[in-house]
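Number 476 in full-length UniProt numbering belongs to position 476 of the sequence shown; there are no gaps in the numbering.
Where a beta carbon is used, it is the ideal one built from N, C-alpha and C, also for glycine.
These numbers come from a predicted model, not from an experiment.
All remarks here apply to the structure that follows.
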Amino acid sequence: MSYNNPILSEEESIFSRYIELQGNPLLPVTPGTCIGKALRLPHFYLTSEIGNEEEDLNQSHNYSIDTATDKIYATALGILYVDNNKIVVRPILYPANDGMTVYADVYHRDFKGNSLLLSHYAAALWQLDVNAPIDTARFNSAARKAMTQGHPVRMVPICKGRPPTHEEPPIILPLLPERILRTMQKSSAPVDYKDQGFFAEVPAHTPIAVQLPAPESSNGFDVFGNALPVMEQPTLTTNETRMLSIGKNLYGIPQHDGHTVYYSSCKGLMSIRDDILSITDVLRIEGDVNMKTGNIIAQQGSVHITGSITPGFTVQAQQHVIIDGNVDQGNITCGGDVFVSGAIIMNKNSTITSRGSVYANHMHNADVVAAHSIVTSGSIVNSELTAGNSIRTCSEKGTVLGSTLVAGSEINIAGAGGENGAPPILIITNEASSPNALRKITSEAETVLSQSISKLDDWIRRSQEKELSGSMRHRADKLLEKAKRIRKSIANRVTPRVTHSAHRIIIRGTVAAGTLVTMHGQTLTIEHPLPKLSMELENHQRAVRAQQVGH
């Protein structure tokens, strides 16, 4: 009984010109299905009678024609298609070129209107020599979707091979971020793109990373059952995930599930450099500190920057800061020393604060505060420097122009002022030089001496009131003189070393007129150019008095 459809679609109408259809040409035919009677034989691939052993049932057109009746029988699962003005049955199974996947167009009904089952697809796969199992869950899901939406679900991967598992190094995953982002207090606050988080201190014995066990190597197979052997040296492929390795100051503890957890063996900063994970006390920043890196805030250890600090960016460290380049209008705060291989060039909005010393090649418009010393091999121009101990320029080019230098004990520079700049202000301050502990010791010593002398004076007065005899009075006078000598001796040994020990200003080269030299609050004005100057506290005080008398 032929398939009759009074209303034909355009595609159905095309096939009806060539075939007396017995089904819906928009749905797939199964092997053995009678498609209909051929009406125009030149548009078909002719074959011999069905059942002839010489007939190739796997021809590309996927059907056979009974020449006695001109009836067309499908030989493969597929759908009618016109190819180069010839009628063919196009397969609905598509093995991938690499042989690892078979895709299918999943239909709910077949050419005759019957349900198209999983077994039909399985038979078609067997006909293609596919040995891989069918993903039944994926197929059933696609079949339900095809039934619901009324049209096929195309290119469903229903069969997959198994790729070989090659020998690869184990994967190491960090458990902590390198940087911790600060939580924004207010959503309306402007975003600071320089703030990319801080490098947090990692305590000792903190879990840092986990190493996932590497899978055992095994052969694979494609959908046709062909073996895919393990490669001894698999070809390298681009992978966005970095393969990390374990570096210094980490120790691993194997777990029962095959994982290995790595812990920090000491306090420090977590660092990932050149794909090596380690705990370090020196955070290394490759290149400049700029918008790419953001501000560098290290809560532990030192920071080593191989480039420069660019304008507006900040570096903070608990210990030292080492910069291979320049400090260009940047900010530095550290608990140790600052080493700058290049120049320090700043503006009014940038500062350097160090609890140790600051070393640089040149300083221009610099605002530097160091608890110990400031040392430069070049000149100091239009800068404000404050050091608890000394300020020095090491080379003969270390001239100071238009700057204010404040030190606790010594200023030693190559030259002061000149034709290209204003004369500087050089200040030795008593307050900056005396450590609190030494001042406390001195104060306590003087207090004890004062109390002793006061007691002696009281004893002498009481003795005088008692009208001591000559021998007793002589003994009391000797005790008083001895106490005064002890006080003077201790005061000379302790007090000068604490308050103005080795306080001096040395200018090894030309001293420009107008240079101001201040020591312990007294200022001496250099009225005429000098070839050099070396002045300690006592000489300075005499020079100040002489200048005051002269005026």
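- Taking all protein chains in view, the Cβ of Ala143 is crowded by 16 or more other Cβ atoms within 10 Å, so the residue is classified as buried.
- Comparing alpha carbon positions, the residue from Ala132, Ala214 and Pro152 closest to Lys160 is Ala132.
- Excluding five sequence positions before and after Asp275, the CB atoms of its chain that fall closer than 7 Å to its own CB belong to Arg242, Met243, Leu244 and Ser245, given in chain order.
- The DSSP-derived three-state label of Met147 is helix.
- For Leu118, the uninterrupted alpha helix (DSSP H) segment begins and ends at Leu118 to Gln127.
- DSSP links Val230 through a beta bridge to no other residue.
- Shown here, Ser218 sits in a strand according to DSSP, grouped into three states.
- The continuous beta strand (DSSP E) containing Asp367 extends over residues Asp367 to Ala370.
- Looking only at His205, Gly294, Ala227 and Thr293, the smallest Cα-Cα distance to Tyr251 is reached by His205.
- Beta-bridge partners of Arg504 (DSSP): Glu410 and Glu536.
- The segment 502 to 516 makes contact with the segment 529 to 546: 3 or more CB pairs, one atom from each, lie closer than 8 Å.
- The straight-line gap separating the alpha-carbon atoms of Asp129 and Pro95 is approximately 11 Å.
- Look at His474 here: in three-state DSSP terms it is helix.
- In terms of CA proximity to Ala214, Thr260 leads the group Gly342, Ser271 and Thr260.
- Apart from the 5 residues on each side of it in sequence, Asn365 sits with its Cβ closer than 7 Å to the Cβ of Ile345, Met346, Asn347, Asn382 and Ser383 in its chain, given in chain order.
- A residue is called buried when at least 16 other Cβ atoms come within 10 angstroms of its Cβ; Pro91 meets this threshold and is buried.
- Within the model, the alpha-carbon separation for His166 versus Ser217 is close to 5 Å.
- Take the alpha-carbon of Phe313 and the one of Ile323: they are about 14 Å apart.
- Your pair Gly356 and Gly336 checks out as a contact, with CB atoms roughly 5 Å apart and the cut at 8 Å.
- Restricting attention to Leu41, Lys86 and Asn85, the CA atom closest to the CA of Thr69 is found in Leu41.
- In the structure shown, Ile14 falls within a helical segment according to DSSP collapsed to helix, strand and coil.
- For Asp328, the CB contacts under 7 Å within the same chain, skipping 5 residues up- and downstream, are Ser308, Ile309, Thr310, Pro311 and Ile345 in chain order.
- A direct Cα-Cα distance of roughly 11 Å separates Pro207 from Met270.
- Asn97 and Val282 have their C-alpha atoms spaced approximately 53 Å apart.
- Look at Gln548 here: in three-state DSSP terms it is helix.
- Where Glu20 is concerned, the enclosing beta strand (DSSP E) starts and stops at Ile19 to Leu21.
- Residue pairing for Phe199: DSSP places it in a beta bridge opposite Ala298.
- Within the DSSP secondary-structure output, Arg90 pairs in a beta bridge with Ile79.
- Ser341 carries a coil assignment under DSSP once its states are collapsed to helix, strand and coil.
- If you look at Met243, you'll find it isn't in any beta strand (DSSP E); DSSP assigns it neither H nor E.
- Put simply, the backbone Cα of Gly113 is about 37 Å away from that of Asn226.
- For the set Gly36, Ala387, Ile427 and Val29, the Cα lying nearest the Cα of Leu117 is the one of Val29.
- For Ser377, the three-state secondary structure derived from DSSP is coil.
- Counting along the chain, the unbroken beta strand (DSSP E) around His364 starts and ends at His362 to His364.
- In the structure shown, His304 falls within a strand segment according to DSSP collapsed to helix, strand and coil.
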